[in-house]
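Going down the list, the sequences are from chains D, S and U.
For the first sequence, the tail end lands on 471 under our numbering, and the numbers increase by one without skipping.
For the second sequence, the tail end lands on 942 under our numbering, and the numbers increase by one without skipping.
For the third sequence, the tail end lands on 1413 under our numbering, and the numbers increase by one without skipping.
Have a look at the structure below before the remarks.
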Amino acid sequence: MTALAPHPDRLLPADPGVRDLARRLHAQVADAPILSPHGHVDARMLADDEPFPDPAALLITPDHYVTRMLHAAGVPLDDLGLARNGHPSPATGRSIWRTLCEHWDVFLGTPVRLWFEAEFSEVFGLTEQPSAQNADRLYDQLAETLADPAFRPRALFERFRIEVLATTDDPADDLAAHARLAADPDFRGRVIPTFRADRYMHPDEDGWAARLERLAAAADTDTTTYPGLLEALRRRRVAFKEAGGTATDTGVLDAGCDPLDEAEASRIHRAALDGTVTAAEAVAYRRNMLYRLAELSAEDGLVMQLHPGVLRNHHRPTFDAYGPDTGHDLPAVGAFTAPLTPILRDFGTDPVFRLVLFTVDETTFSREIGPLAGFYPSVYAGAPWWFIDTPDAILRYRRAVTDSAGFTKTSGFIDDTRAFCSIPARHDMSRRVDASYLAGLVAEHRLDEEDAFTLARRLVDDIPRATFRLG
Amino acid sequence: MTALAPHPDRLLPADPGVRDLARRLHAQVADAPILSPHGHVDARMLADDEPFPDPAALLITPDHYVTRMLHAAGVPLDDLGLARNGHPSPATGRSIWRTLCEHWDVFLGTPVRLWFEAEFSEVFGLTEQPSAQNADRLYDQLAETLADPAFRPRALFERFRIEVLATTDDPADDLAAHARLAADPDFRGRVIPTFRADRYMHPDEDGWAARLERLAAAADTDTTTYPGLLEALRRRRVAFKEAGGTATDTGVLDAGCDPLDEAEASRIHRAALDGTVTAAEAVAYRRNMLYRLAELSAEDGLVMQLHPGVLRNHHRPTFDAYGPDTGHDLPAVGAFTAPLTPILRDFGTDPVFRLVLFTVDETTFSREIGPLAGFYPSVYAGAPWWFIDTPDAILRYRRAVTDSAGFTKTSGFIDDTRAFCSIPARHDMSRRVDASYLAGLVAEHRLDEEDAFTLARRLVDDIPRATFRLG
Amino acid sequence: MTALAPHPDRLLPADPGVRDLARRLHAQVADAPILSPHGHVDARMLADDEPFPDPAALLITPDHYVTRMLHAAGVPLDDLGLARNGHPSPATGRSIWRTLCEHWDVFLGTPVRLWFEAEFSEVFGLTEQPSAQNADRLYDQLAETLADPAFRPRALFERFRIEVLATTDDPADDLAAHARLAADPDFRGRVIPTFRADRYMHPDEDGWAARLERLAAAADTDTTTYPGLLEALRRRRVAFKEAGGTATDTGVLDAGCDPLDEAEASRIHRAALDGTVTAAEAVAYRRNMLYRLAELSAEDGLVMQLHPGVLRNHHRPTFDAYGPDTGHDLPAVGAFTAPLTPILRDFGTDPVFRLVLFTVDETTFSREIGPLAGFYPSVYAGAPWWFIDTPDAILRYRRAVTDSAGFTKTSGFIDDTRAFCSIPARHDMSRRVDASYLAGLVAEHRLDEEDAFTLARRLVDDIPRATFRLG
């Protein structure tokens, strides 16, 4: 067996002098509360506070960061617990866990391995690296641990020192779980919804009309017209704000946002309900909707998060068999400056409007996101996200964005995860990398040590609080 | 108060061994004369040699690197001295300075802060970091200093050890200030014009016809025809050469340069004067003009500097109120290899022609600029410029371009600045980073120490001299 | 004179602690056999085993990495031995060598210099850096060395410890040289062909019909029809497999691969033979052919290597005078994820199909290649190649690709070279850089030392063996 013992200096610089400073910078924030303003944990998990199911269902099956790499190594998704064509996977929790253990080497050098090592060790108390030999024994240990009340969601929420956890929610969601949590005197955490209206922006998508109906019911207004849809979104945004929400989230193929006049948008809306919408009209409608979401943010102050450039469901056969979010949403070339012109022209200097830009294309950090955040008061450079939420990419981000935008126009870290138990490991990775970056600046006499300590604190506290209007 | 004392080892590597070598490499060139072959200082400033106005008018208001970041932090441009809709700003020099001091933290970690610290300390003798508390005191100290004759432009020019300063000038400019300087036996500096014909390339731009008229007067030839315009440009290039100019500068949206035949170019020229030019014709005309500028460079040997890919005046409301150069010219995706085919096909191996490529999109360093400079004898890889004239980006440039083009096909540093007092700090930053890069190569046994010393000298001396034909 | 003595620690990290580990990691693989699954050495050179001609004809003239940079420094290609318009170059081996020596400084800091230093020192025993002064003496020494039987191709092949050398061959090639090598009991090396069908994919290219005829003869089938061409390719692939081939290689302008139905492809095929094919049809035909090559790989299991994005023969006058491969094939923007959708949809999870992606555009490492290799079991992230087969770029590759794809989905190093004597130096460079990368991960406690040793071995052994199905 090989010991599982994440090194206290992991992710800190190799140079002894720089490492020492990085260690002190990290120590200062290692136990700071977690602000998680962008993620995908389900509020019901915390509202219900049921014990977690088996280890694989908690740690492997729902985490496409993990299943993706196992699939790349030749493991069929069936073996990882994914339901195929609606038929439950024949894999058991134990067999899935064993598959992970047998392929433990494919994660060498990756952030997934570092997150897992931190989780396994610090959350679950494992002391051995997974392997084919010890797979069953570790599985038993994990299963036993999960039965302990100290490992229920709320207990972990407290233990993880999460101060704010933002979920991601459909506008038609009734936010009942958020309400239960807010009403529960025993739960003191802050779990807030994020308004994600993506599925109302694509009038050529299957199920659009049905979703409009569901939204109409939730908002108590007619959505068969375009103004009605806008009104429904506006009302639901009010409801999200009342439930504590401070932000929206939007993912689109591109950041185009040319507004349409109401007559044209209404015409396309009707055509879509009639089933006659063209692909070009659907694109125009989607881009207009992006503009309208910005317009609404300029009205109500919900922070607009935008992440264009993901090609969804790239492998059609996998999508057909296993559904979405199964590891083949893939990055595309990013662009912000030119396509966002309409939104920034009209709201870019509006003090109510705020826009956090995330990318899956690193080339935009120095070319677009940094310069935009370095001029527009409304624009913030979002932390590295999906595919680039990794130690090296976070460093590259700081090295690219700081030049144009400094620290105060960056968003602070977001974990963007479905994997609840990985949240502390992800935030800790970010804190370590930021500590390393700051220590490097000090070592090169580009920053005073005192300023580095101040910035390390601000990056996990007032900077994300201000960016996301967390109060 | 916090001391303002730029560290002698700033920007040098953290590793003690590498730092020691970098320090010695830097020491060798720290006091080398400054060759500034590309910048935006006004020759009249030196010809007139008047005392500088107040500190803010010297250091803040005209420098869009600075105003940009303050604006991003929420400071209205009015508060920074910019005239709005023709009305002078209500801000005073003192209030503007105070605004900078109050927002000093937004520059942490940025090159602007490092330039400022070097200027404040080494040029103006400040000993405290600016803060809300000491703003007025520092302002008084700066104002008093500026009243000292030793702080007039020419005295600083000498103190900065500037050997050559290239300005940027319109072809219609009479270059009178350059002539006054050349004729003045008391001024021994070399201030040379750079021919920038951008504003004659866009026949659909407001004022194009009026500019043609002004150019006609300057060149004493008719510019109402396309051949007349070319002839006027040719004549003015002669005048620029006679005034010491060795280079031209061109900024365009893209590097497309398909030549038109004379009949077609003439037709568009006439259509533009008639006010009937279409957008597509204007683009074709602009691209043809880029080709013609290259053709002229192949005739007269003026070094052609090209920097495509900047989206000018991105925020229309700011442009309407405050005019151009107010911080929202933004980088776009770069491309050189494909669009420059016509120019390189016809002049790429011509020994008279020379082309220095600058980019605002770093991805082109290893993909386009390095490979082009590594084949075409006429092509040089321009130093990192605007938005990427920063310590980290300069290192990335060396790490990307050297592989394909070595050192001898790079341009040497350009400061590209309007901020006269930042010139020494900018060149020093570049020298420090190059010293660090060279020291790193030696430390990894990729370069002999002796060669590193030779290259460090060449990078501030014969390499830029040769690139820009400074003699 | 300056000593030529490549440092034993060259390319290893400067930090003493990290260097020590990197040194040990490298030592472990320094003498490992070379697997060269992708290159451009001619099998006839080994089959004939004649002495090499003069040093320039071996080391300079055929290596466009070298001639490119000398040309960029102003040396005409005539002076480097290239035939112009069919007339042999007036340059002699000695004069070409002298030209290299006189321009030795243009290679400072480049990988070409490091390869040359290793070759000159370790293969040829030179002890002085080339210079104008010692050029003749070194030339004599090299010429004398090449006359030694120990410097014939097969002797060097053994001395270089090459276990597998893949060549690159036209489908119409009879592979006679490979057969002679295989049949020769005195030669124990493995020299295998690689199937490169590029020249059959462009029906609008000069000579396409003539090449079809030659292929028809080689495959003993009619290629005047589209199905006939596919059948000919299929048959030749069988012949390549029988000759030991395990892979194909394809270079195209872009990775578009939309399949055509047989009728449409046949129609374009006929139009091309009739000389009436349009540019758009030729593109559609080429993209269909890329799809068909993937389809064939899914049938026969030959590993498909793909490197889109090179603009061939950028400088038309040089191409007209000197022909192809003369240093002005230049990188273009890369794209994989969107254009490869058809191939990956149909074969991406097929266990027989395998696709190794190479790029000349580094931006695709973290944005496209890593994520694709991190989901599709068939996709491997090809090592940095052409223009980016350099120490810094290899590090950037690891830092970008490992996050998404780990180590096991990377291809292992390829040397891609025509310069036979540079093969050991190129592989050694890659091994040193990988050792440095792994040592850095260990030093930052991101990888166990034991795992680093295992990975260092695997990267030169079972990983390339598995990727390229070398058995």
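Don't be surprised by glycine CBs; every beta carbon is placed ideally from N, CA and C.
All values derive from a computational prediction rather than experimental measurement.
What first and last residue would you give for the alpha helix (DSSP H) that runs through residue i?
i	result
Y540/S	First, the residue type needs correcting, since residue 540/S is Met and not Tyr in the sequence shown. Looking at the DSSP string, the run of the alpha helix (DSSP H) that includes M540/S is H535 to A543.
R481/S	Here R481/S belongs to no alpha helix (DSSP H), and DSSP marks it neither H nor E.
R515/S	A514 to D519
W575/S	First-last for W575/S: undefined, no H or E at that position.
H673/S	Unbroken run through H673/S: none, as it is neither H nor E.
D933/S	D933 to T938
A945/U	Element bounds for A945/U: n/a, residue is neither H nor E.
For residue i, decide whether its Cβ has a neighbour in chain D, counting only Cβ atoms nearer than 8 Å.
i	result
F1329/U	no
V754/S	no
Which residues in chain S have a C-beta closer than 7 Å to the C-beta of residue i? List them in chain order.
i	result
T1052/U	T873, D874 and G877
R1341/U	Under the 7 Å cutoff, chain S gives no residues; its nearest Cβ is about 12 Å from R1341/U.
Anything in chain D within Cβ reach of residue i, meaning under 8 Å, just list it in chain order.
i	result
A643/S	Correct list: empty, because the minimum Cβ distance to chain D is about 31 Å.
D957/U	A14 and D15
Could you tell me whether any Cβ in chain U is nearer than 8 Å to the Cβ of residue i?
i	result
E362/D	yes
R928/S	no
H497/S	no
T390/D	yes
E920/S	no
R286/D	no
Name the chain S residues whose beta carbon is nearer than 8 Å to that of residue i?
i	result
A1181/U	The contacting residues do not exist; A1181/U stays about 36 Å from chain S at best.
F1049/U	G877
A443/D	A485
Just to confirm, is the Cβ distance from residue i to residue j under 8 Å?
i	j	result
T1279/U	L330/D	yes
I1002/U	L1022/U	yes
T1041/U	G1067/U	no
R1374/U	L1050/U	no
V831/S	G772/S	no
D887/S	H898/S	no
A239/D	A172/D	no
L613/S	P526/S	yes
R682/S	Y610/S	no
P508/S	A637/S	yes
L686/S	A703/S	yes
Run down chain D in chain order and give the residues with a C-beta less than 9 Å from the C-beta of residue i.
i	result
P788/S	R345, D346, G348 and T349
Please list the terminal residues of the continuous beta strand (DSSP E) segment that includes residue i.
i	result
V75/D	That residue, V75/D, is in no beta strand (DSSP E); it is neither H nor E in DSSP.
E634/S	I633 to A637
S978/U	I976 to S978
I1134/U	R1132 to I1134
For chain S, is any of its Cβ atoms less than 8 Å away from the one on residue i?
i	result
A383/D	no
V18/D	yes
H949/U	yes
T1003/U	no
S297/D	no
Can you pull the chain U neighbours of residue i, defined as C-beta to C-beta under 9 Å?
i	result
R472/D	Here chain D covers residues 1 to 471 and nothing more, so residue 472/D does not appear.
Which residues of chain U have a Cβ atom closer than 8 Å to the Cβ of residue i, listed in chain order?
i	result
A809/S	L1253 and A1274
A72/D	A1315, G1316, F1317, Y1318, P1319, V1321, A1347 and K1351
Item to check | In chain order, each alpha helix (DSSP H) run of at least 4 residues that lies wholly inside the region 1288-1364 of chain U | outcome: 1312-1315 and 1333-1347
Next on the checklist: Just to confirm the assignment: which complete alpha helix (DSSP H) runs, minimum length 4, are found wholly within the region 722-793 of chain S?
Outcome noted: 733-744, 750-771 and 787-793
Next on the checklist: In chain order, what are the residue ranges of uninterrupted alpha helix (DSSP H) at least 4 long that sit wholly in the region 594-634 of chain S?
Outcome noted: 606-618 and 624-630
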